[in-house]
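Novice:
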Amino acid sequence: MPPLISDQCIRCGNCYDICPGDVFDWPDRKKKPVVYYPIECWHCGACRLECPVQGIEYHFPLGMTHV
Ligand code: SF4
Ligand code: SF4
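This is how it looks when you write it as structure tokens:
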């Protein structure tokens with residue numbers, strides 16, 4: 003499941019900067035980034051780790067729950 007950006011987002015841009023898959027786009031810096039390429043997310047967890055307000059949620063696909 004691709005990441006979801008909650009309303010807790012303070013628009014720091016960390017997720018946009020760190021995502022190795024370029025999942026996010028951030029066309030309007032006054033708003034939160036958007037999940038633009040959800041299929042490119044491989045659940046590395048980097049965006050969630052770097053978010054200062056725990057504003058990113060996602061659920062691991064069932065196939066990854068054993069790792
Ligand atoms: S979990 Fe990894 S690949 Fe997926 S959106 Fe976050 S940083 Fe990008
Ligand atoms: S890292 Fe968190 S607070 Fe920063 S832009 Fe992304 S979702 Fe918003």
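In our numbering, the protein residues as written are 3 to 69.
Glycine included, every Cβ here is placed at the ideal spot set by N, Cα and C.
From leucine 76 to serine 8, what distance separates their C-alpha atoms?
Specialist: The chain is shown from 3 up to 69; residue 76 falls before or after that span and cannot be answered.
Novice: Does the beta-carbon of proline 22, which I'm using as the reference point, lie nearer than 7 Å to any heavy atom of ligand 1?
Specialist: As a working note, residue 22 is residue 20 in the sequence shown. Yes, the beta carbon of proline 22 sits closer than 7 Å to at least one heavy atom of ligand 1.
Novice: Which same chain residues end up closer than 6 Å to cysteine 11 when comparing Cβ atoms and leaving out the 5 residues on each side of it in sequence?
Specialist: Reading the sequence shown from its first residue, position 9 is the one you call residue 11. Within the same chain, cysteine 11 has close Cβ partners Lys34 and Gly57.
Novice: Which one or two residues does DSSP pair with aspartate 27 in a beta bridge?
Specialist: For the purposes of this step, residue 27 is taken as residue 25 along the sequence shown, with counting starting at 1. BP columns for aspartate 27 point to Val36.
Novice: Measuring straight from C-alpha to C-alpha, what distance separates arginine 13 and valine 36?
Specialist: Looking up residue 13 in the sequence shown gives position 11. Looking up residue 36 in the sequence shown gives position 34. Taking the straight line joining both Cα atoms gives about 11 Å.
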